[in-house]
Amino acid sequence: MHPIVQRVIQGDKRAIARALTLIENDDESKRELLQGFYPYAGRAHIVGFTGSPGAGKSTLVDQVIAYLRASGKKVGVLAVDPSSPFSGGALLGDRVRMIRHSSDPGVYIRSMGSRGSLGGLGRSTREMLYALEAYGCDVILLETVGVGQSELDVMTVADTVALVLTPGSGDHVQTAKAGIMEIADVFVVNKQELPGADALVRELQLMLHDKRQYREDWKNPIVRTSATAGEGIEQLWAEMTRHYEHIRTHGYLAQRRKQRHMEETMKLVETAFAKYLRARAASDESWRSVLMDDLQADPYIASEKILRDLPWIRL
Ligand SMILES: Nc1nc2c(ncn2[C@@H]2O[C@H](COP(=O)(O)OP(=O)(O)OP(=O)(O)O)[C@@H](O)[C@H]2O)c(=O)[nH]1
Ligand SMILES: [Mg+2]
């Protein structure tokens with residue numbers, strides 16, 4: 002077993018920091034690390050917080066950490082900082098807000114960049130979660146700004162997703178980015194003390210009322226919070242837990258894990274296959290001539306000429 006894996010499993014904070022960096026940098030030791038971490042997959046409840054910039058996600062996460070710590074849970078936090086102009090000071094903001102927890106041995110907080118490919122962000126998030134599960138986290142909180150598709154994709158690794166909305170921010174149900182309403186398990190109306198909160202709640206209730214099909218038979222609850230005042234946190238966590246129990250007891254969690262396992266595996270197979278094709282295209286003489294010289298053939302004909310060399314692909 003890789004020495005870092007052993008130390009992570011023992012709960013060594015410096016080791017988890019190192020492991021996450023190695024994973025994020027796609028280090029060559031990554032494969033061995035993951036082999037050590039994978040047996041711990043599924044131990045933690047992974048909770049995603051998404052929503053517009055400034056909705057109060059970090060403030061909520063900070064309050065949820067405090068709440069969970071009071072009940073003795075070990076907590077991991079991954080904040081995805083997209084390299085989009087939206088999150089100007091987000092990184093610093095997150096650090097300042099959550100810094101009070103950073104000396105707590107039961108909390109590990111990590112901000113990760115979204116550099117690299119879009120697909121890579123999802124993959125390394127998933128892999129970092131395996132490491133945090135091996136580290137012994139009971140709950141892992143994931144924060145992303147729900148502006149881009151890649152941040153939405155990140156949320157597919159969460160067991161429970163909270164969409165954080167705020168009154169009077171133009172953050173209305175009708176204008177919400179397509180896809181974001183569908184992935185939310187719990188709707189959070191944060192800054193509920195501000196005017197417009199009642200209207201936003203009503204708007205959400207109407208939308209839910211019109212909804213004909215509930216994903217995984219789950220009726221999405223709406224929770225009101227005031228993150229800065231620490232109000233509604235207990236209820237929020239109660240709904241998160243209720244959702245987790247729901248998907249666990251009805252077999253949805255097992256189903257999702259199967260699906261995820263298949264997709265992660267296929268992605269690796271596809272990546273290896275694409276690499277093989279590119280390498281062969283660069284070296285195989287007959288492929289090269291089809292690709293570069295035979296300009297008479299349209300791309301369909303040209304591709305068929307190449308695919309004939311791969312007899313297990315039926316044309
Ligand atoms: N009035 C009020 N302000 C809040 C509440 N929750 C958060 N805020 C404030 O809203 C601002 C943004 O909060 P953040 O927690 O940084 O929001 P965020 O969603 O993490 O923002 P990004 O990470 O930049 O997307 C901060 O100034 C908070 O103090 C709340 O319940 N009421
Ligand atoms: Mg934030």
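Counting from 2, one number per residue, gives the positions in the sequence shown under this note's numbering.
Cβ atoms here follow ideal geometry from the backbone N, Cα and C, with glycine treated the same way.
Model, not experiment: these values are computed from the prediction.
Cβ pair residue i, residue j closer than 8 Å
i, j, result
"Glu194", "Lys58", "no"
"Asp160", "Ile248", "yes"
"Ile1", "Thr226", "Outside the shown range of the chain (2 to 316) lies residue 1, about which nothing can therefore be said."
"Leu209", "Met129", "no"
"Val6", "Leu34", "yes"
"Met99", "Ile66", "yes"
"Tyr39", "Trp238", "no"
Residue-chain proximity (residue i, chain B), Cβ-Cβ < 8 Å
i, result
"Glu217", "Within the model displayed, chain B is absent; a lone protein chain is all it includes."
Length of the line joining the Cα atoms of residue i and residue j
i, j, result
"Gln11", "Ile17", "10 Å"
"Asp295", "Val9", "55 Å"
"Gly231", "Met267", "43 Å"
"Glu25", "Ala56", "27 Å"
"Trp219", "Ala20", "36 Å"
"Glu265", "Tyr215", "26 Å"
"Asn191", "Thr229", "9 Å"
"Arg261", "Arg127", "10 Å"
"Ser30", "Arg101", "32 Å"
"Ala280", "Glu286", "12 Å"
"Gly252", "Met263", "17 Å"
"Val270", "Ile314", "16 Å"
"Leu61", "Leu164", "11 Å"
"Arg213", "Gln206", "13 Å"
"Ile302", "Pro312", "16 Å"
"Val81", "Gln236", "25 Å"
"Pro4", "Lys74", "26 Å"
"Tyr245", "Met156", "15 Å"
"Glu217", "Thr250", "12 Å"
"Ala200", "Ser125", "39 Å"
"Arg32", "Thr272", "15 Å"
"Ala132", "Gln64", "24 Å"
"Tyr277", "Leu166", "45 Å"
"Gln374", "Arg15", "This structure cannot settle anything about residue 374, because the visible part of the chain is limited to 2 through 316."
"Val189", "Glu152", "18 Å"
"Phe274", "Gly137", "35 Å"
CB-CB length for residue i against residue j, believed under 8 Å
i, j, result
"Val162", "Asp186", "5 Å"
"Thr51", "Ile181", "7 Å"
"Ser70", "Asp13", "Checking the sequence, you will find Arg at residue 70 rather than Ser. Arg70 to Asp13, Cβ: 19 Å. No contact."
"Val76", "Val108", "5 Å"
"Ile141", "Ala45", "5 Å"
Contact set for residue i: own chain, Cβ-Cβ below 7 Å, skip 5 residues either direction
i, result
"Arg258", "Gly43"
"Ile307", "Trp288, Val291"
"Ser103", "Ile110"
"Met2", "Gly37"
Sequence-distant residues of the same chain with beta carbon closer than 8 Å to residue i, five excluded per side
i, result
"Arg289", "Ala282, Ala283"
"Glu240", "Val187, Pro222, Val224"
"Ala298", "Val291, Lys306"
"Leu316", "Glu305, Leu308, Arg309"
Own chain residues within Cβ distance below 6 Å of residue i, not counting five before or after
i, result
"Tyr41", "Glu134, Ala135"
"Gly197", "Pro168, Gly169"
"Leu254", "Ile248"
"Asp310", "none"
Could you pull out every unbroken beta strand (DSSP E) segment of at least 3 residues lying fully inside the stretch 21-91, listed in chain order? 46-52, 76-82
Secondary structure, beta strand (DSSP E): runs of 3+ residues fully inside the stretch 197-275: 223-225
Which ranges would you report for the alpha helix (DSSP H) in the stretch 136-172 if only whole runs of at least 4 residues count? 150-156
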